[in-house]
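Residue numbers (our numbering): 32 to 612.
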Amino acid sequence: MNIYRRFIVQFLFQIIIGFILLLLLFIAIWGMIGFSISSADIEKDLSKGDSFYFSEAISMKDGKAVFNDKLKQLVKNQDMELIVFTKEGQIAGSYPALETDLSPIEQGELASLILGGTGEHSFIDLVDWKDMDPYYLLIRKGNALQDLLTQTQRLAEWDKQKLNLTDRAIDKLNKEHSWVQLINPAGDVVDEFAAEAQPSHYSFEELTFISEHDKNTASAYFHEETGQTLIVGIGRNDPAASTDESFYKHISQSFLIAFVILFLLLLLGTFWYARKFGIPLITMMKWIKNLGDGIFEEPQDLHQQSVLMNKKGKLKKKYRLYKDFILALHQLTKTLKDNESERLKMTKTREEWISGISHDLKTPLASIAGYSQMLKSPNYSWSEQETKDFGEIITDKSAYMMELLEDLTLTYRLRNQALPIVKEEVDLNEFIRRTIIYFVNDPNNRDLNLIFNPSPKRISAHIDPKWFQRILDNLIQNAIKYNPAHTSITVSVSLIEQHFIVIKVEDDGIGMDQETLDKLFQRYYRGTNTSDTSMGTGLGMAIAKQLVQLHDGTIQVNSTPNKGTFIRILIPAMENAKEYK
């Protein structure tokens with residue numbers, strides 16, 4: 032899997048995981064908000080609690096119900112009564128305590144408990160206790176407004192048009208945040224308590240509305256004998272508003288907690304992403320910087336161990352996403368390291384070559400200078416033969432230096448791709464035949480055994496005659512120079528499936544060892560007899576290889592010591608090869 036697909040899979044997987052986590056977080060937040068709403072509802076109306084809530088708030092100890100403090104406070108605030116009993120009618124506990132013992136009660140007594148007073152009631156099954164015997168909870172809710180109206184009605188002095196509230200009644204009214212008004216038959220308020228925010232006069236329609244429609248916040252009593260009306264209301268400090276405020280407080284707290292959780296998750300996610308994606312990128316940037324600074328090694332820790340690999344030699348998990356890129360960096364590091372090693376080696380070889388060249392140039396220059404001094408010496412008269420011999424030596428030395436300089440110039444032009452190649456169609460059979468004739472007719476090669484095996488068909492190729500001639504001259508000249516007299520040298524040309532031309536140069540001479548064979552195409556490398564300036568410049572085979580490559584070809588050399596050398600050149604052929612005549 033390449034790095035592109037690996038990134039797609041990785042990010043898709045992370046998006047799915049992130050979506051699942053967000054979904055779970057969303058469910059958790061809504062659950063928390065729901066729990067807050069439920070808690071606020073219960074604090075507003077205890078009868079909305081479920082079996083689980085009351086099972087947590089009420090515990091059983093030795094067959095008796097024990098109510099926790101929070102539940103007791105809610106019961107007091109909401110003017111309720113809780114009674115716990117078994118299926119047999121045995122009362123296990125109550126709050127506030129009933130004026131009865133814990134003996135079993137009959138259905139009629141239970142009915143009186145339920146229906147007694149003016150409030151509402153509800154049943155809850157308590158099935159979550161460890162005790163397998165079922166228990167039941169009776170919630171009886173009082174009607175505080177009606178109780179206040181009844182109490183105030185008994186205390187009122189109707190003849191005197193006075194409320195006549197006792198201290199105990201005032202305390203109860205203050206506790207319930209209630210107000211009281213006494214209204215005469217004309218609708219005027221004649222006495223009141225804590226009713227500053229209420230009207231001072233009522234019409235008949237207003238009194239009727241309060242009596243029939245506003246029973247939750249106000250209740251009225253009409254005294255038939257005097258025609259007066261008593262109104263008791265709840266609303267000075269509206270408990271419902273206080274409860275709503277508590278409800279919104281719970282919601283705000285839930286959203287604040289959710290925001291904090293999301294913020295923490297964002298920080299954790301940022302930290303995780305920075306470690307997962309940032310650390311590998313920083314490591315690879317450091318690696319690339321090291322390569323730019325000439326440090327051709329992967330990053331290492333303080334213990335000189337690879338930061339990318341674990342103890343088992345495998346790529347660490349956080350770097351596996353960048354596996355392809357790291358492999359490419361490994362290859363680049365190896366290549367640069369090899370190139371640097373080769374460069375240093377080449378520098379050393381070039382320095383040695385320059386030293387050798389300096390020596391090689393120094394020797395013929397010294398010869399030329401010496402013979403020139405001798406020729407112009409006034410103290411001695413040279414014969415004609417001696418003058419010719421001196422001139423021949425000077426000519427040979429000059430030719431060698433010229434060849435050396437030309438080879439040096441040519442190799443640098445090839446290296447910088449500055450050598451122009453002008454290809455034309457050439458008959459290779461005829462081209463090679465003329466080259467062989469040139470070497471055979473050379474008087475210096477009278478002991479040469481040179482054989483040419485042409486192709487039976489005409490072979491045409493697109494080559495640059497000048498530079499291809501240089502290739503053949505180098506190969507044949509080397510076969511002559513580095514082998515003893517009477518060595519057989521065979522040059523052959525053939526065609527492979529009408530597409531490729533094969534030129535072979537073979538000899539049965541002394542051959543080459545593996546070290547010489549490995550360095551044969553290196554610049555500045557010379558074989559044996561480097562002290563003999565007639566043995567070449569050390570650039571011939573490197574030049575030959577580069578010239579073959581410029582002709583879109585390849586060159587291969589095989590050699591065995593004391594058995595000979597085999598050189599094979601492969602270049603593209605022109606189409607439609609014709610029968611050679």
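Virtual Cβ for every residue (Gly too), placed ideally from N, Cα, C. Bear in mind that the values here come from a model prediction, so they are computed numbers and not experimental data.
Minimum C-alpha distance to N486 - residue among L479, R444 and F531: Sequence index remark: in the sequence shown, residue 486 carries index 455 (1-based). Reading the sequence as shown, one finds Ser at residue 486 and not Asn. The shortest C-alpha separation from S486 is found at F531.
Helix or strand or just coil, what does DSSP make of F240? Here residue 240 refers to the residue found at position 209 of the sequence shown. DSSP places F240 in helix when its eight states are reduced to three.
When burial is assigned at 16 or more other CB atoms within 10 Å of the CB, is V522 buried or exposed? Here residue 522 refers to the residue found at position 491 of the sequence shown. Under this definition V522 is a buried residue.
Would you check if the segment 170-181 and the segment 111-125 touch, i.e. whether three or more CB-CB distances between them fall below 8 angstroms? yes
Beta-carbon gap between N195 and L204 smaller than 9 angstroms: For the purposes of this step, residue 195 is taken as the residue at position 164 of the sequence shown. For the purposes of this step, residue 204 is taken as the residue at position 173 of the sequence shown. Result no, Cβ atoms of N195 and L204 do not sit closer than 9 angstroms.
Cα-Cα separation between L297 and I60, rounded to whole angstroms: The sequence position of residue 297 within the sequence shown is 266, counting from 1. The sequence position of residue 60 within the sequence shown is 29, counting from 1. Approximately 16 angstroms between the Cα atoms of the pair.
With H, G and I counted as helix, E and B as strand and the rest as coil, what does DSSP make of L213? By one-based count along the sequence shown, residue 213 stands at place 182. Here L213 sits in strand by DSSP.
Inspect the CB distances between the segment 473-482 and the segment 430-443 and report whether three or more fall short of 8 angstroms. no
DSSP beta-bridge partners of A251: Here residue 251 corresponds to residue number 220 of the sequence shown, with the count starting at 1. Looking at the DSSP assignment, A251 forms a beta bridge with I262.
What number of angstroms, rounded off, separates the C-alpha of T197 from the C-alpha of D100? Here residue 197 corresponds to residue number 166 of the sequence shown, with the count starting at 1. Here residue 100 corresponds to residue number 69 of the sequence shown, with the count starting at 1. Approximately 31 angstroms between the Cα atoms of the pair.
Burial state of L43 (16 or more Cβ within 10 Å): Residue numbering aside, residue 43 sits at position 12 when the sequence shown is read from its first letter. Flag for L43 reads exposed.
Three or more C-beta pairs under 8 angstroms: does that hold for the segment 499-517 against the segment 535-547? With a cut-off of 8 angstroms, the segment 535-547 and the segment 499-517 count as touching, because enough Cβ pairs lie within range.
Identify whether V457 lies in helix, strand or coil by the three-state DSSP scheme. The residue labelled residue 457 in the question sits at position 426 within the sequence shown. V457 falls in the strand class under three-state DSSP.
Just to confirm my understanding: we take S153, look at its own chain, exclude 5 residues before and 5 after, and list those with CB closer than 7 angstroms. What are they? Walking along the sequence shown from the start, residue 153 turns up at place 122. Answer for S153: S78 and I170, listed in chain order.
Rounding to the nearest angstrom, what Cα-Cα distance links L238 and A251 in this structure? In the sequence shown, the residue the question calls residue 238 occupies position 207. In the sequence shown, the residue the question calls residue 251 occupies position 220. Those two C-alpha atoms are separated by around 8 angstroms.
Considering only C-alpha positions, which residue in the set Q229, Q259 and S234 is nearest to I265? For the purposes of this step, residue 265 is identified with residue 234 of the sequence shown, where counting begins at 1. Checked all of Q229, Q259 and S234; the closest Cα to I265 is Q229.
Per DSSP, what kind of secondary structure is R477 in: helix, strand or coil? Looking up residue 477 in the sequence shown gives position 446. R477 carries a coil assignment under DSSP once its states are collapsed to helix, strand and coil.
Backbone CA spacing between H208 and A225 [nearest angstrom]: Here residue 208 is taken as the residue at index 177 of the sequence shown, counted from 1. Here residue 225 is taken as the residue at index 194 of the sequence shown, counted from 1. Distance between the alpha carbons of H208 and A225: 9 angstroms.
Would a C-beta distance cut-off of 9 angstroms place Q177 and D222 closer than the cut-off? Within the sequence shown, the letter at position 146 stands for residue 177. Within the sequence shown, the letter at position 191 stands for residue 222. Against a cut-off of 9 angstroms, the Cβ pair of D222 and Q177 comes out as no contact.
Would the segment 321-328 and the segment 83-102 be scored as touching if the rule is three or more Cβ pairs under 8 angstroms? no
Please return the same chain residues whose Cβ sits closer than 6 angstroms to the Cβ of L459, not counting the five positions on each side in sequence. Sequence index remark: in the sequence shown, residue 459 carries index 428 (1-based). Cβ within range, chain order: I490, A492 and V524.
Would you say V220 and V263 are within 9 angstroms of each other, going by their C-beta atoms? Residue mapping note: residue 220 aligns to position 189 of the sequence shown, counting from 1. Residue mapping note: residue 263 aligns to position 232 of the sequence shown, counting from 1. In this structure, V263 does not lie closer than 9 angstroms to V220 by Cβ.
How far does the alpha helix (DSSP H) with M315 in it extend, from its first residue to its last? The residue you call residue 315 lines up with position 284 of the sequence shown. I310 to G323 is the span of the alpha helix (DSSP H), which, as asked, contains M315.
Cβ pair I214, T260 closer than 9 angstroms: Residue numbering aside, residue 214 sits at position 183 when the sequence shown is read from its first letter. Residue numbering aside, residue 260 sits at position 229 when the sequence shown is read from its first letter. A contact, by the Cβ cut-off of 9 angstroms.
Going by Cα to Cα distance, which pick from Y350, I520 and L445 is closest to I482? Within the sequence shown, the letter at position 451 stands for residue 482. Nearest option by C-alpha distance: I520.
Take the Cβ of F85 as the centre, count every other Cβ of all protein chains shown within 10 Å, and call the residue buried at 16 or more, exposed below. Here residue 85 corresponds to residue number 54 of the sequence shown, with the count starting at 1. Buried.
Give the range of the alpha helix (DSSP H) segment to which V106 is assigned. The sequence position of residue 106 within the sequence shown is 75, counting from 1. It spans D100 to N108 - the alpha helix (DSSP H) in which V106 sits, taken as one unbroken run.
Using only alpha-carbon positions, find the residue among I241, A217 and I357 that is nearest to H232. For the purposes of this step, residue 232 is taken as residue 201 along the sequence shown, with counting starting at 1. When each option's Cα is compared against that of H232, the closest is A217.
Going by alpha carbons, who is nearest to K550 out of K307, V453, K576 and I541? In the sequence shown, counting from the first residue as 1, residue 550 sits at position 519. It is K576 whose Cα lies nearest to the Cα of K550.
Roughly how many angstroms separate the alpha carbons of S590 and F552, rounded to a whole number? Numbered from its first residue, the sequence shown carries residue 590 at position 559. Numbered from its first residue, the sequence shown carries residue 552 at position 521. Each residue's alpha carbon lies about 14 angstroms from the other.
Among Q182, G80 and K206, nearest to D156 - alpha-carbon criterion: Position 125 of the sequence shown, counting from 1, holds the residue named residue 156. The shortest C-alpha separation from D156 is found at G80.
Let me know the secondary structure DSSP gives Q416 once reduced to three states. Position 385 of the sequence shown holds residue 416. Helix at Q416.
Put P330 into one of helix, strand or coil per three-state DSSP. Within the sequence shown, residue 330 is the residue found at index 299, counting from 1. Coil at P330, not helix or strand.
If you follow the beta strand (DSSP E) that Q589 is in, where does it begin and where does it stop? Position 558 of the sequence shown holds residue 589. Per the sequence shown, the amino acid found at residue 589 is Asn instead of Gln. Here the beta strand (DSSP E) through N589 covers T585 to T591.
If I574 sits next to D438, beta carbons under 8 angstroms apart, how far is it from one beta carbon to the other, in whole angstroms? To locate residue 574, count along the sequence shown from 1; it is residue 543. To locate residue 438, count along the sequence shown from 1; it is residue 407. At roughly 7 angstroms, the Cβ-Cβ gap stays under 8 angstroms, so I574 and D438 are in contact.
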